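Asker:
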Amino acid sequence: LQNLPSTSRAITLECIANGSNAGGRLISTAIWQGVTLRTLLARHGGAQASATYVAFYSVDGYSVSLPLAEILAADALLAWRMNGAELPQRHGFPVRVLIPGRFGEENPKWLTRVELTDHFVGGLYSDQGWYNGPLHTMNRIDRPRGKLALAKPVEIGGFAFAGNRGIQKVEVSVDGGLNWQLAKLEPPLSQDAWVFWSWQWMPTTPGHYTIAARATDGAGEVQTSHKQGTVPNGATGYHEVMVEVG
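If you're matching positions, the sequence shown starts at -8 in my numbering and goes up one per residue.
1) Need the endpoints of the beta strand (DSSP E) that Y48 sits in, please.
2) Are the stretch 105 to 115 and the stretch 139 to 151 touching by the rule of at least three beta carbon pairs closer than 8 angstroms?
3) Based on the DSSP secondary-structure assignment, which residues constitute the bridge partners of Y250?
4) In chain order, which beta strand (DSSP E) runs of at least 3 residues are fully inside the stretch 79 to 117?
5) Assuming H199 and G14 make a contact with CB atoms under 8 angstroms, what is their CB distance in whole Å?
6) Buried or exposed for G92, please, with buried defined as at least 16 other CB atoms from any protein chain shown within 10 angstroms of its CB.
7) Using DSSP with H/G/I as helix, E/B as strand and the rest coil, what is E61?
8) From this set, W185, L68, R205, which residue's C-alpha is nearest P(-4)'s C-alpha?
9) Under DSSP, the alpha helix (DSSP H) around R29 begins and ends at which residues?
10) Restricting to runs no shorter than 3 residues, where is the beta strand (DSSP E) found entirely within the stretch 107 to 188?
11) Going by the DSSP bridge assignment, what does W190 pair with across the sheet?
12) Just confirm the distance between the C-beta atoms of G114 and V45, as a whole number of angstroms; I'd bet it's less than 8 angstroms.
13) Near T207, what residues of its chain come up, given a Cβ to Cβ distance below 6 angstroms and the 5 sequence neighbours on each side ignored?
14) Taking the C-alpha atoms as reference points, what is the distance between D66 and M233?
15) From which residue to which residue does the beta strand (DSSP E) around E5 run?
16) Determine the extent of the beta strand (DSSP E) in which T207 is found, giving its start and end residues.
17) Relative to the alpha-carbon of T43, which residue among E96, L63, Y53 has its alpha-carbon at the smallest distance?
18) Hey, is I2's beta-carbon within less than 7 angstroms of any beta-carbon in chain D?
19) According to the Cβ coordinates, are A184 and A1 closer than 7 angstroms?
20) Classify V234 as helix, strand or coil using the three-state DSSP reduction.
21) Do the CB positions of A60 and W23 come within less than 7 angstroms of each other?
22) Along the chain, where does the beta strand (DSSP E) containing R72 start, and where does it finish?
23) Buried or exposed for K100, please, with buried defined as at least 16 other CB atoms from any protein chain shown within 10 angstroms of its CB.
24) Three or more C-beta pairs under 8 angstroms: does that hold for the stretch 118 to 132 against the stretch 215 to 230?
25) Using only CA atoms, which one of F84, K175, S216, N98 lies nearest to G167?
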């Protein structure tokens, strides 16, 4: 693999068990280096017409099967370096796959084999009935917390993520979702990475406030407000933070 042309890019991974109504902490971003599946297939003559799925197999018996067209469109990466260093054992040494737009459990580590098939191959999560589709648009509020001073500016901030769909905008509410204000977005490291955002608030009335944030992905789809738990489809809903002003 390492003799093939490689590429590096920022990709955010989110675990399907990321809870707290999509505001959890089982999510991170790294710079991954490897070869794209597209490049690997091209070097070996391409996929046969009958191939509709890709199955990834790991040394521990774990396997994942996904549609070939989606994998190629996402420019899936077979990575052997992370943040400029050799891929750590806990992150999949010697090689793992990164599939932008899918939850972490569909990005197998410790790969031993990649197989093109004409059918879906069941795996641990799919056999247990877990969600097998694109990850949900999520948002997390990282600040502020606790008690805030009256009539002093405060920055509300966090990040949004929608896989390889990107983020078009983020809106913030300080009145429980009655009114929404447009946040400022920072340039993302890549189309496949989280987007940091912020909004300046000047609270002028003492009391308790519910801060909420929602994101719109690059396709124009607004994050769902429906709150659901992790099992079996992954958590959804707006992340909310309670603060006191006074």
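Here a beta-carbon is modelled for each residue, glycine too, at the ideal position from N, C-alpha and C.
Quantities reported herein were computed from a predicted structural model and do not represent experimental measurements.
Answerer: From the atom records:
1) Taken as a continuous stretch (DSSP letters only), the beta strand (DSSP E) holding Y48 covers 44 to 49.
2) At 8 angstroms Cβ cutoff, the stretches do not touch.
3) Any question about residue 250 goes unanswered here, given that the chain covers just -8 to 237.
4) As far as the stretch 79 to 117 is concerned, its whole beta strand (DSSP E) runs of at least 3 residues are 87 to 89, 102 to 108.
5) Not a contact, Cβ separation roughly 19 angstroms.
6) Buried: at least 16 other Cβ atoms inside 10 Å.
7) In the structure shown, E61 adopts helical secondary structure according to DSSP, grouped into three states.
8) Nearest to P(-4) by C-alpha distance, out of W185, L68, R205, is L68.
9) Taken as a continuous stretch (DSSP letters only), the alpha helix (DSSP H) holding R29 covers 28 to 34.
10) Within the stretch 107 to 188, the complete beta strand (DSSP E) runs of at least 3 residues are 129 to 134, 145 to 152, 158 to 164.
11) For W190, the beta-bridge partners assigned by DSSP are I147.
12) Contact annotation, G114 with V45: C-beta distance approximately 12 angstroms; criterion of less than 8 angstroms not satisfied.
13) Correct list, in chain order: Q159, K160, V213.
14) For D66 and M233, the distance between alpha carbons rounds to 40 angstroms.
15) E5 -> beta strand (DSSP E) spans -2 to 5.
16) Unbroken beta strand (DSSP E) run through T207: 198 to 208.
17) Checked all of E96, L63, Y53; the closest Cα to T43 is L63.
18) The structure shown contains no chain D; it is built from a single protein chain.
19) Yes, the Cβ-Cβ distance between A184 and A1 is below 7 angstroms.
20) The answer is strand: DSSP assigns V234 an E or B state.
21) No, these two residues do not count as a Cβ contact at 7 angstroms.
22) Per DSSP, R72 belongs to the beta strand (DSSP E) from 68 to 73.
23) When all chains shown are included, K100 counts as buried.
24) With a cut-off of 8 angstroms, the stretch 215 to 230 and the stretch 118 to 132 count as touching, because enough Cβ pairs lie within range.
25) Comparing Cα-Cα distances from G167 to each of F84, K175, S216, N98, the minimum goes to S216.
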